[in-house]
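See below for the structure under consideration.
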Amino acid sequence: PLTITVDGLAKLLGVQNSHLMRKMANIGMDKLANDYLLTNEEAAEIALEYEVVPIIPDSTGPELYPRKIPEDMSVHPLRPPVVTIMGHVDHGKTTLLDTLRNSSITAGEAGGITQHIGAFSVQLKSGQAITFLDTPGHAAFSAMRARGANATDIVVLVVAADDGVMPQTKEAIQHALDADVPIIVAINKCDKHGVDPSRIKDELLKYGIQTEDLGGDIQAVEISALKGTGVEELSESIVTLAEILDLRAEVDIPAQGTVIESQIERGRGNVASVLIKRGTLKVGDIIVAGTAWCKVRSMADDRGNSVKEAGPASAVEIMGWKEIPKAGDMVLQAENEGQAKSVVDSRVEKRKNKDKLAAVAAMNVQRRETH
Ligand code: GDP
Ligand code: MG
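In full-length UniProt numbering, the protein residues as written are 321 to 691.
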């Protein structure tokens with residue numbers, strides 16, 4: 321029989337081993353070791369904890385699987401970090417995103433007006449790039465996480481200096497800790513009179529966020545999203561953390577990504593924004609997301625510029641979908657239209673038989689391990 325180790329399952333689900341083992345403990349499993357071989361039933365039970373519905377081999381028809389992550393990533397190029405901004409309402413998330421977005425518009429650039437496609441890229445003076453997700457906050461983050469697709473590498477936690485830690489601040493901290501996504505704190509509204517940023521750091525300590533000043537390893541940057549002060553420093557902190565995380569991706573493989581937004585647009589048909597995670601997507605390629613497939617008719621970046629290809633950590637708006645895919649769906653490249661159609665048909669068929677399939681990420685817990 322095909323089996324998978326705890327370690328293998330964690331990789332497959334894109335979560336930390338420690339996190340997976342905590343889940344296992346929660347559901348009463350006690351063989352908590354990285355190399356412990358799980359039975360199919362155990363693996364399926366754990367996967368369901370992440371709202372990933374495993375597809376059991378004897379019920380699979382045609383299917384697409386993500387490529388195995390190579391043992392040695394060091395031979396692959398670095399990629400930009402993907403960052404989500406979280407925090408309590410009115411603490412300045414939208415203002416910060418706007419400031420960041422504007423910071424990267426250089427004079428004379430073609431198509432200077434940014435388009436909302438769910439993510440945008442900021443080019444730093446140092447030549448490095450950062451991809452910011454700007455899909456509405458916590459809900460989108462949870463949805464992607466629930467689908468086993470950790471789209472984010474880093475969370476920037478915005479805390480207003482004049483308000484401090486509030487309910488959604490705590491919620492954001494919890495989301496990030498659960499997903500094992502590192503945090504950078506942006507203490508915002510530091511332009512306001514009488515605010516004391518160090519008070520915020522003290523307060524955060526109570527919630528497990530130990531900033532560098534207080535002997536921890538979490539960076540905290542004092543900013544004014546409104547005035548733009550400290551925003552460049554924030555970007556530099558992100559780049560510093562990204563270097564430590566050593567984020568790399570294969571470039572020359574079929575594309576894999578995540579749908580970040582989708583809608584039907586007048587005159588343009590079904591449109592979906594996709595964050596490419598691995599590989600390169602080109603115009604003319606065939607992709608599948610959930611029960612939708614697409615022959616990529618055209619792609620556009622966050623400036624509305626038409627692009628012919630998109631590599632790791634870039635977000636593109638894609639035209640040519642036969643159906644609308646859902647935000648959070650995993651995107652995988654098919655070899656041809658025939659394969660895409662049969663994969664979609666078999667997924668539709670599987671969906672009919674299960675109720676929890678809204679969150680399906682087409683993963684095969686057992687078969688993947690043998691690839
Ligand atoms: P969001 O709900 O987190 O997206 O917060 P917004 O970006 O909409 O900001 C809420 C309010 O705070 C708005 O009136 C902003 O103008 C204001 N604001 C945001 N950042 C700053 C800042 O750095 N300084 C000051 N003084 N006001 C800010
Ligand atoms: Mg907002």
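No residue lacks a Cβ here, since even glycine has one placed at the ideal position from N, Cα and C. All values derive from a computational prediction rather than experimental measurement.
- A direct Cα-Cα distance of roughly 10 Å separates residue 498 from residue 336.
- The beta carbon of residue 515 sits closer than 7 Å to the beta carbons of 481, 482 and 509 from its chain, once the five residues preceding and following it are set aside; these are given in chain order.
- About 6 Å separates the CB atoms of residue 569 and residue 396; that is less than 8 Å, so the two are in contact.
- Selection 388, 555 and 580 evaluated against residue 454 yields 580 as nearest (Cα-Cα).
- Taking the Cα of residue 472 as reference, the smallest distance to any Cα among 618, 644, 400 and 327 is reached at 400.
- Relative to the ligand MG, the nearest heavy atom lies less than 7 Å away from the CB of residue 413.
- Using a 10 angstroms sphere on the CB of residue 383, the tally of other CB atoms reaches 16 or more, which defines it as buried.
- Scanning its chain for C-beta atoms nearer than 7 Å, with the 5 sequence neighbours on each side dropped, one finds around residue 349 the residues 362, in chain order.
- Listed in chain order, the non-local C-beta contacts of residue 530 below 7 Å within the same chain comprise 536 and 538, local neighbours out to five positions each way being set aside.
- Residue 512 has its Cβ nearer than 7 Å to a heavy atom of the ligand GDP.
- A direct Cα-to-Cα measurement between residue 442 and residue 415 gives close to 15 Å.
- Below 8 Å, enough C-beta pairs join the segment 575-591 and the segment 649-662 to call them touching: three or more.
- Separation of the CB atoms of residue 577 and residue 595 is rounded to 5 Å, and the pair is thereby assigned contact status at 8 Å.
- The shortest C-alpha to C-alpha distance from residue 357 to any of 435, 330, 500 and 659 is the one to 330.
- Under the three-state reduction of DSSP, residue 493 is assigned to helix.
- Checking the DSSP bridge columns, you'll see residue 593 partnered with 581 and 637.
- If you draw a straight line from the Cα of residue 347 to the Cα of residue 366, it is about 8 Å long.
- Per DSSP, residue 347 lies in no alpha helix (DSSP H) and is assigned neither H nor E.
- Within the chosen limit of 7 Å, the ligand GDP reaches the beta carbon of residue 407 through at least one heavy atom.
- Relative to the ligand GDP, the nearest heavy atom lies less than 7 Å away from the CB of residue 410.
- For residue 588, the closest of 642, 600 and 598 by C-alpha to C-alpha distance is 642.
- In terms of side-chain proximity, the C-beta atom of residue 546 is found nearer than 7 Å to a non-hydrogen atom of the ligand GDP.
- Going by beta carbons, residue 519 and residue 611 fall outside the 8 Å limit.
- Between residue 657 and residue 608, the alpha-carbon positions lie close to 10 Å from each other.
- Here the alpha carbon of residue 593 sits roughly 37 Å from the alpha carbon of residue 525.
- A distance below 6 Å between beta-carbons, with the five flanking residues on each side excluded, links residue 408 to the following residues of its chain, in chain order: 486, 488 and 489.
- Per DSSP, the unbroken beta strand (DSSP E) holding residue 439 starts and ends at 439-443.
- In the DSSP assignment, residue 362 falls within the alpha helix (DSSP H) that extends over 360-369.
- In the three-state reduction of the DSSP assignment, residue 422 falls in the helix class.
- Residues 485, 490 and 493 of the same chain have their beta carbon placed closer than 7 Å to that of residue 527, with the five preceding and five following residues left out of the count.
- In this structure, residue 644 lies away from residue 558, with their beta-carbon atoms at least 8 Å apart.
- Cβ contact annotation for residue 354 (same chain, cutoff 6 Å, sequence separation greater than five): 326, 327 and 337, in chain order.
- With a threshold of 16 other beta carbon atoms within 10 Å, residue 640 meets it and is buried.
- Under DSSP, residue 653 shares a beta bridge with 607.
- Separation of residue 340 and residue 369 (C-alpha to C-alpha, rounded to the nearest whole angstrom) is 9 Å.
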